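Q:
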Amino acid sequence: MNRSPLVTSHMEYGIKCVVDLSHTFFSPRMGQERLRICQQVARGENVLVLFSGIGMDAMQIAGRTEAKSVTAIELNPVAMACAKNGQRMLERNKAVKVAGAAERLHLVEGDVLDVLPTLEHGAYDRIVAPRPKEGALDGDLGTGDGGVQFLEALLPLLRVHGGECHWYDFAADHELPNCERTRKSISDVCDKMGYDMEVIHVARAGSIAMRQIRVCMDFRITGRKSSC
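So the sequence shown is numbered by the UniProt record's numbering: it starts at 1 and just counts up by one.
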């Protein structure tokens with residue numbers, strides 16, 4: 001017997017999202033982290049949100065900041081349907097004081113690795129990249145590539161002088177506060193691709209399992225290496 005999907009909604013700072021509990025993932029506990037990101041977005045920024053899920057990260061940025069555009073990419077068609085419902089609610093939300101929030105939000109359904117090569121290089125001031133976990137042992141145990149393929153794909157899209165990425169990785173609690181393994185992964189990819197960068201923020205962003213956490217490392221592109 002087929003059952004109807006279990007669909008609910010969640011309100012965060014006046015913005016509502018739709019969640020299909022059977023086929024999507026959403027964490028209300030990341031609300032403070034979403035607020036932190038919004039507080040850093042400046043007027044006129046072009047923002048790209050990868051692995052955007054049901055769209056709350058992107059809707060918060062579109063609805064609470066004066067970003068010029070917010071582009072969200074998601075592969076899961078059910079999550080994308082939830083995001084489109086959320087976008088329609090955002091359009092009707094009288095509590096949202098920023099003009100044109102829904103119109104500035106662009107939803108793209110597809111694989112990040114397929115979509116990113118089609119986007120303009122250097123066009124984004126800020127990229128939010130909560131990379132997916134690559135199996136149960138992803139993190140300090142050394143399996144998986146640490147999301148290197150996603151870093152390689154997103155770096156060319158950042159503004160060369162001052163573009164920022166909020167990179168979410170998986171770590172063990174003993175790796176805090178510096179998260180040197182994550183820092184090295186980012187640094188190595190930037191070196192390989194000819195970018196200078198600086199890390200501007202490292203913090204815990206949520207719990208995954210016993211002593212396993214999600215961390216956010218914000219880094220800024222400061223220029224191209226002189227040999228490039």
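Beta carbons: idealized from backbone N, C-alpha and C, even for Gly. Source: prediction; values computed, not measured.
Start and end of the alpha helix (DSSP H) containing Glu152?
A: Element bounds for Glu152: 148-154.
Q: Quick check on Met1: does DSSP put it in helix, strand or coil?
A: Per-residue confidence for Met1 stands at a pLDDT of 42, beneath the threshold of 50, marking its modelled position as unreliable; the derived number appears in the next sentence. It is coil, neither helix nor strand.
Q: Just checking my contact of Ile73 with Val115 at CB under 8 Å: how many whole Å lie between their CB atoms?
A: Confirmed, Cβ separation roughly 5 Å.
Q: Output the distance between the C-alpha atoms of Arg92 and Ala99, rounded to the nearest integer angstrom.
A: When rounded, the distance between both Cα atoms is 12 Å.
Q: Could you give the C-beta distance for Met217 and Arg181, rounded to a whole number, given that I count them as a contact under 8 Å?
A: Rounded, the Cβ-Cβ distance is 10 Å, inconsistent with contact.
Q: Could you give the residue range of the alpha helix (DSSP H) that holds Val78?
A: Unbroken alpha helix (DSSP H) run through Val78: 77-92.
Q: Quick check on this structure: which residue in His161, Arg220, Ala83, Pro5 has the alpha carbon closest to the alpha carbon of Phe51?
A: Ranking His161, Arg220, Ala83, Pro5 by Cα distance to Phe51 puts Ala83 first.
Q: Kindly list the residues whose CB is nearer than 6 Å to the CB of Met1, restricted to its own chain and excluding five residues on each side of it in sequence; keep chain order.
A: Model confidence at Met1 stands at a pLDDT of 42, short of 50, so the residue's coordinates are unreliable and nothing is read from them.
Q: Leaving out five residues before and five after Met197 in sequence, what residues of the same chain have Cβ atoms less than 8 Å from its Cβ?
A: Hits under 8 Å: Ile186, Ser187, Cys190, Phe219, Arg220, Ile221, Thr222.
Q: Does Cys179 come out as helix, strand or coil in the three-state DSSP assignment?
A: Note: Cys179 maps to coil in three-state DSSP.
Q: Rounded C-beta distance between Gly146 and Asp125? I'm assuming under 8 Å.
A: Wrong, their Cβ atoms sit about 25 Å apart, outside the cutoff.
Q: Here's the rule: buried if 16 or more other CB atoms are within 10 angstroms of the residue's CB, otherwise exposed. What is Pro177?
A: Result: exposed.
Q: Got a sec, what are the start and stop residues for the beta strand (DSSP E) Asp125 sits in?
A: Segment: none, Asp125 is in no beta strand (DSSP E) and carries neither H nor E.
Q: Which class does Thr222 belong to by DSSP, given the choice of helix, strand or coil?
A: Thr222: strand per DSSP, three-state reduction.
Q: May I ask you to report which of helix, strand or coil DSSP gives Ala95?
A: The answer is coil: DSSP assigns Ala95 none of H, G, I, E or B.
Q: In chain order, what residues of the same chain lie with their CB nearer than 7 Å to the CB of Asp152, ignoring the 5 residues before and after it?
A: The identity of residue 152 in the sequence shown is Glu, whereas the question assumes Asp. Contacts found: Val189, Met193.
Q: Which of the three DSSP states, helix, strand or coil, is assigned to Val202?
A: Val202 falls in the strand class under three-state DSSP.
Q: Less than 8 Å between the CB atoms is what I'm expecting for Val96 and Ile15, so what's the real figure, rounded?
A: Yes, they are in contact, since the Cβ atoms of Val96 and Ile15 sit about 7 Å apart, within 8 Å.
Q: My guess is that residue 229 and Asp57 are in contact by the Cβ rule of under 8 Å, so how many angstroms apart are they, rounded?
A: Residue 229 lies beyond the residue range present for the chain, which begins at 1 and ends at 228; the question has no answer from this structure.
Q: Thinking C-alpha only, which one of Val112, Thr24, Met89, Asp111 is nearest Ala101?
A: Per the Cα distances, Met89.
Q: Considering Cα atoms alone, identify which of Met80, Leu155, Leu75 is closest to Met59.
A: With distances taken between Cα atoms, Met59 lies closest to Met80.
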